[in-house]
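*Asks:*
There are 4 protein chains.
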Amino acid sequence: MRDGTATKNKINRVAMELFAEQGVTETTTKDIASGAGIAEGTIYRHYKSKDELVKKLFLSLYEEQGNYLRDIAASEKDPKQKIADMIARFCQLFAEDKALFTFLLLTQHGQLKEVPDDMVTPVVVLRDMIAQGQGIGIIKQGDPDLMAAMVLGVVVQPAVFHVYGRLTQDYKSFTQDLTEAAWGVLGLT
Amino acid sequence: MRDGTATKNKINRVAMELFAEQGVTETTTKDIASGAGIAEGTIYRHYKSKDELVKKLFLSLYEEQGNYLRDIAASEKDPKQKIADMIARFCQLFAEDKALFTFLLLTQHGQLKEVPDDMVTPVVVLRDMIAQGQGIGIIKQGDPDLMAAMVLGVVVQPAVFHVYGRLTQDYKSFTQDLTEAAWGVLGLT
Amino acid sequence: MRDGTATKNKINRVAMELFAEQGVTETTTKDIASGAGIAEGTIYRHYKSKDELVKKLFLSLYEEQGNYLRDIAASEKDPKQKIADMIARFCQLFAEDKALFTFLLLTQHGQLKEVPDDMVTPVVVLRDMIAQGQGIGIIKQGDPDLMAAMVLGVVVQPAVFHVYGRLTQDYKSFTQDLTEAAWGVLGLT
Amino acid sequence: MRDGTATKNKINRVAMELFAEQGVTETTTKDIASGAGIAEGTIYRHYKSKDELVKKLFLSLYEEQGNYLRDIAASEKDPKQKIADMIARFCQLFAEDKALFTFLLLTQHGQLKEVPDDMVTPVVVLRDMIAQGQGIGIIKQGDPDLMAAMVLGVVVQPAVFHVYGRLTQDYKSFTQDLTEAAWGVLGLT
DNA sequence: AATGAATGAGACTTCATTCAT
DNA sequence: CATGAATGAAGTCTCATTCAT
Numbered sequence: 093m094r095d096g097t098a099t100k101n102k103i104n105r106v107a108m109e110l111f112a113e114q115g116v117t118e119t120t121t122k123d124i125a126s127g128a129g130i131a132e133g134t135i136y137r138h139y140k141s142k143d144e145l146v147k148k149l150f151l152s153l154y155e156e157q158g159n160y161l162r163d164i165a166a167s168e169k170d171p172k173q174k175i176a177d178m179i180a181r182f183c184q185l186f187a188e189d190k191a192l193f194t195f196l197l198l199t200q201h202g203q204l205k206e207v208p209d210d211m212v213t214p215v216v217v218l219r220d221m222i223a224q225g226q227g228i229g230i231i232k233q234g235d236p237d238l239m240a241a242m243v244l245g246v247v248v249q250p251a252v253f254h255v256y257g258r259l260t261q262d263y264k265s266f267t268q269d270l271t272e273a274a275w276g277v278l279g280l281t
Numbered sequence: 093m094r095d096g097t098a099t100k101n102k103i104n105r106v107a108m109e110l111f112a113e114q115g116v117t118e119t120t121t122k123d124i125a126s127g128a129g130i131a132e133g134t135i136y137r138h139y140k141s142k143d144e145l146v147k148k149l150f151l152s153l154y155e156e157q158g159n160y161l162r163d164i165a166a167s168e169k170d171p172k173q174k175i176a177d178m179i180a181r182f183c184q185l186f187a188e189d190k191a192l193f194t195f196l197l198l199t200q201h202g203q204l205k206e207v208p209d210d211m212v213t214p215v216v217v218l219r220d221m222i223a224q225g226q227g228i229g230i231i232k233q234g235d236p237d238l239m240a241a242m243v244l245g246v247v248v249q250p251a252v253f254h255v256y257g258r259l260t261q262d263y264k265s266f267t268q269d270l271t272e273a274a275w276g277v278l279g280l281t
Numbered sequence: 093m094r095d096g097t098a099t100k101n102k103i104n105r106v107a108m109e110l111f112a113e114q115g116v117t118e119t120t121t122k123d124i125a126s127g128a129g130i131a132e133g134t135i136y137r138h139y140k141s142k143d144e145l146v147k148k149l150f151l152s153l154y155e156e157q158g159n160y161l162r163d164i165a166a167s168e169k170d171p172k173q174k175i176a177d178m179i180a181r182f183c184q185l186f187a188e189d190k191a192l193f194t195f196l197l198l199t200q201h202g203q204l205k206e207v208p209d210d211m212v213t214p215v216v217v218l219r220d221m222i223a224q225g226q227g228i229g230i231i232k233q234g235d236p237d238l239m240a241a242m243v244l245g246v247v248v249q250p251a252v253f254h255v256y257g258r259l260t261q262d263y264k265s266f267t268q269d270l271t272e273a274a275w276g277v278l279g280l281t
Numbered sequence: 093m094r095d096g097t098a099t100k101n102k103i104n105r106v107a108m109e110l111f112a113e114q115g116v117t118e119t120t121t122k123d124i125a126s127g128a129g130i131a132e133g134t135i136y137r138h139y140k141s142k143d144e145l146v147k148k149l150f151l152s153l154y155e156e157q158g159n160y161l162r163d164i165a166a167s168e169k170d171p172k173q174k175i176a177d178m179i180a181r182f183c184q185l186f187a188e189d190k191a192l193f194t195f196l197l198l199t200q201h202g203q204l205k206e207v208p209d210d211m212v213t214p215v216v217v218l219r220d221m222i223a224q225g226q227g228i229g230i231i232k233q234g235d236p237d238l239m240a241a242m243v244l245g246v247v248v249q250p251a252v253f254h255v256y257g258r259l260t261q262d263y264k265s266f267t268q269d270l271t272e273a274a275w276g277v278l279g280l281t
């Protein structure tokens, strides 16, 4: 372990999971350290503070999701299919890594104001895609920011219910229903 | 005043606003006391603990919203119009008391598990209404819990964006768009 | 103990003594608390931080000494006698409260830059007195700041040696010698 | 370089400067290492601990000053001139290496008790010289330890003021005034 | 019912020191 | 001789809660 990369990755993963489970403030540096099998002080060789850990973790993961969606949007022409692909991707991600989604969900309240203006975020990608679809006349008119919010709500809120135990089926089984609902919101027949 | 009701109401209101602004853990009992113009110890004449304050506050406000929606659902026959009324009501509430919405949004993560099974919550009212509409054949088929989640997402996510500053228009101006989107999700033509 | 004045005074006294004995950084808040017979957290009801405690303690004690000297200077006409009175006062103070002197000595390095420009300090009083004596032609010419430093050195350095154990006699027995030396420095025959 | 002498010298110099600037406790081993351009662990190839570094640094520099003064005292017969030479030497040293003086000043509190009884220190040299002058009847009678303290005070206190910014002129310009004041204290006409 | 000084458990963070490379 | 990741003891500070008034 000549360089600390492995340690840092361990910290990141454990921190994300604990933050998702218990919330950021409720998770102590001690929790993280013992979860990662390291000393508490070691965290501070990799991050200046707990706050910095939360912030960097959020921003890197949030941007990563944005980049994913952007790539999906780029590899497909048909707006209708783009939406379908994005939702499929989201369902898959959520099924595979619920902690990641929960972490992003829980921390956004404190962290969204830290997002740099030029960052590629999931919301921006979605909004741009909608605006583009409106340009071609395929998606119905309306404030693209509002429409992006509504589509996001259709997909995210069921995930929230899943996290809180109100929905229990395998999330991927919702893919088709979510996609149709999103199309419905956007007026994609 | 003789019985301290006014003090308790002050505590409740101030606590809700501070919780909405800064989060529960980030709000100290000292913050609440000084915001309410009372001594720290006084909070403990009205609540056994901060946890209890949060819990009772959440449950009573959450149930209140459920009752409101139930009354709306009861006073209208047409499912389509019921949805419209509920969304109008939500938009009005949000416009009038953003703190209340934000508080409910932020605390649900920790508090939803405290909700008694028999409580009338907004989600339950919505779900039952959808199930009923499906029974009459007006609303399209599908898991009513999932459909309730999607409709809720359509309405709530734009509100979240409003809280985070991504949407800035007066929320009531969204009423029509939100209603149509919700209809779209439910297959209400 | 309806108000915390007694507690604060206890903190102040204990802190000063421990700072004098072991140095500021070497004295922990735990040391102070247990020395004062209180809980560690109680310190923070009276001071925002350890730093603030050190700073306020230093400034108030330093100013107090300045005021003392100023009063002495005011109550006596003859410059030569003024010097004698000041030195007598210093010797008495040092004999009575070595901790106070040591605290002031040790903390000056970090705190002198915090002294407001308009504060009446021992150094200022001494310098003004010298300048005034030069005006009357009784004290010999020269930079009054330099002369104040030299006179101060004559009086303070033996006290430092006393603190470090190099001089062990009762400090008041030095009064006459110190006074004559100070006169010598100032050219007061 | 093969034997690490250069590294050790770098550590010594950087440590002294940082100690003088910020105090010993406030200077971290990391500060020293990065100032010296080495890794933290490397300090421990040359010193067993930070404490040892401080102690050895202090003792060697303190003794060095003692030896200097002793040589000056030895190369001159006339006590009056000896004093003048010593003060001239001090003024020069201070002007050339304020950090050295400040380090010695700041660390004495913790380190003076570590000085072996047989070490040739500046204070001892000065005291012996005074005692000797008294023997010849040139210096006036009185406790030589006290007189040494007073003379030291005359010279050192202005330097302290210089460090704290209360005196700003080139220190060497004070040489004559300091010398005359010292003579005054010792009764050297 | 109300006060507010005091508590004490525990959080975050720092830093001298070690040790495998 | 040199490195730097890791340690863990210890320090400062916060805050929900208690209790005498």
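Going down the list, the sequences are from chains B, R, C and G.
One gets my numbering by counting positions in the first sequence from 1 and adding 92 to each.
One gets my numbering by counting positions in the second sequence from 1 and adding 92 to each.
One gets my numbering by counting positions in the third sequence from 1 and adding 92 to each.
One gets my numbering by counting positions in the fourth sequence from 1 and adding 92 to each.
We put the CB at the ideal spot given by N, CA and C, even for glycine.
(1) Since I believe C/K140 is in contact with C/E132 (beta carbons under 8 Å), could you give me their beta-carbon distance rounded to a whole number of angstroms?
(2) As a quick exercise: from B/I103, B/A176, B/Y256 and B/I130, pick the residue whose alpha carbon is nearest that of B/K142.
(3) In angstroms with no decimal places, state the Cα-to-Cα distance between B/L149 and B/K205.
(4) Any Cβ of chain C within less than 8 Å of the Cβ of G/F266?
(5) I need the boundaries of the alpha helix (DSSP H) containing G/V255, first residue and last residue.
(6) Using a Cβ cut-off of 8 Å, pull out every chain G residue sitting near C/P37, in sequence order please.
(7) Do three or more CB pairs link the segment 254–268 of chain G to the segment 252–262 of chain C at distances below 8 Å?
(8) At the 8 Å Cβ level, is C/G234 part of the contact set with chain G, yes or no?
(9) Since I believe G/F195 is in contact with G/M108 (beta carbons under 8 Å), could you give me their beta-carbon distance rounded to a whole number of angstroms?
(10) Applying the criterion that 16 or more other CB atoms from any shown protein chain within 10 Å of the CB defines a buried residue, is C/K264 buried or exposed?
(11) Closest by CA to R/V146, which one among R/V207, R/N159, R/G158 and R/Q184?
(12) So, at 6 Å on beta carbons, what are the nonlocal neighbours of B/G225 in its own chain, with the 5 sequence-adjacent residues on each side left out?
(13) For C/V212, collect the residues of the same chain with a Cβ closer than 8 Å to its Cβ; drop the 5 residues on either side in sequence, then sort them by chain order.
(14) Distance cutoff 8 Å, beta carbons only. Does C/E109 sit that close to anything in chain G?
(15) Could you list which residues in chain R have their beta carbon closer than 9 Å to that of B/E118, in chain order?
(16) To the nearest angstrom, how far is it from the Cα of R/A125 to the Cα of R/H138?
(17) Tell whether a beta-carbon distance below 8 Å holds between B/V246 and B/L218.
(18) Nearest to B/H201 by CA position, among R/A112, R/T99 and R/K190, is which residue?
(19) Given a threshold of 16 other Cβ atoms within 10 Å of its Cβ, counted over all protein chains shown, does C/A98 qualify as buried or as exposed?
(20) Tell me whether B/Q173 sits in a helix, a strand or coil according to DSSP, three-state version.
(21) Let me see if you follow: with CB-CB separation under 8 Å, is C/D95 close to chain G or not?
(22) Judging by CA-CA distance, which residue of R/A223, R/G229 and R/Q173 is the nearest neighbour of R/A241?
(23) If the cut-off is 9 Å on Cβ atoms, which residues from the segment 202–217 of chain R count as contacting chain B, listed in chain order?
(24) Answer yes or no: does any C-beta atom of chain B fall closer than 8 Å to that of R/Q249?
(25) Please report the straight-line C-alpha distance between B/Q100 and R/W275, rounded to a whole angstrom.
(26) If you measure between the beta carbons of G/T119 and G/L110, is that distance less than 8 Å?
(27) I want to verify the contact list: residues of chain B whose CB lies under 7 Å from the CB of R/G276, in sequence order.
(28) Just how far apart, CA to CA, sit B/S152 and R/L244?
(29) Measuring alpha carbon to alpha carbon, tell me which residue in G/G229, G/A273 and G/P236 is nearest G/V248.
(30) Residues in its own chain within less than 6 Å of R/A128 by CB, not counting five upstream and five downstream?
(31) Taking the alpha-carbon positions, what's the G/M239 to C/Y136 distance?
(32) Nearest chain R C-beta to B/A98 closer than 8 Å, yes or no?
(33) Give a yes or no on whether 8 Å exceeds the smallest Cβ distance from R/M178 to chain B.
(34) Assign G/D210 to one of two classes, buried (16 or more other C-beta atoms within 10 Å of its C-beta) or exposed (fewer than that).
(35) For R/V273, return the contacting residues in chain B, with the cut-off set at a CB-CB distance below 7 Å.
(36) Go ahead and pull the three-state DSSP assignment for B/M211.
*Replies:* Let's see:
(1) With a Cβ gap of about 15 Å, C/E132 and C/K140 do not count as contacting.
(2) B/I103
(3) 14 Å
(4) When Cβ-Cβ separations below 8 Å define contact, G/F266 makes contact with chain C.
(5) Element bounds for G/V255: P236 to V255.
(6) Residue 37 of chain C lies beyond the stretch modelled for chain C, which goes from 93 to 281, so this question has no answer here.
(7) No, the segment 254–268 of chain G does not touch the segment 252–262 of chain C.
(8) yes
(9) 5 Å
(10) exposed
(11) R/V207
(12) P171 and I231
(13) E155, G158, N159 and R162
(14) Not one beta carbon of chain G lies nearer than 8 Å to the beta carbon of C/E109.
(15) T117 and G202
(16) 12 Å
(17) no
(18) With distances taken between Cα atoms, B/H201 lies closest to R/A112.
(19) Counting Cβ neighbours within 10 Å, C/A98 comes out exposed, since fewer than 16 surround it.
(20) helix
(21) no
(22) R/A223
(23) G202, L204, K205 and V215
(24) Chain B, which has a Cβ nearer than 8 Å to the Cβ of R/Q249, makes this yes.
(25) Before going on, a small fix: residue 100 of chain B reads as Lys here, not Gln. Answer to the nearest angstrom: the Cα atoms are 48 Å apart.
(26) yes
(27) G276 and V277
(28) 29 Å
(29) G/A273
(30) K102, I103 and V106
(31) Within the model, the alpha-carbon separation for G/M239 versus C/Y136 is close to 45 Å.
(32) No, B/A98 does not count as interfacial toward chain R.
(33) No, no contact with chain B.
(34) By the Cβ neighbour-count rule, G/D210 is exposed, with fewer than 16 other Cβ atoms within 10 Å of its own.
(35) Note that residue 273 of chain R is Ala in the sequence shown here, rather than Val. Against chain B, the beta carbon of R/A273 has neighbours under 7 Å at M242 and V277, listed in chain order.
(36) coil
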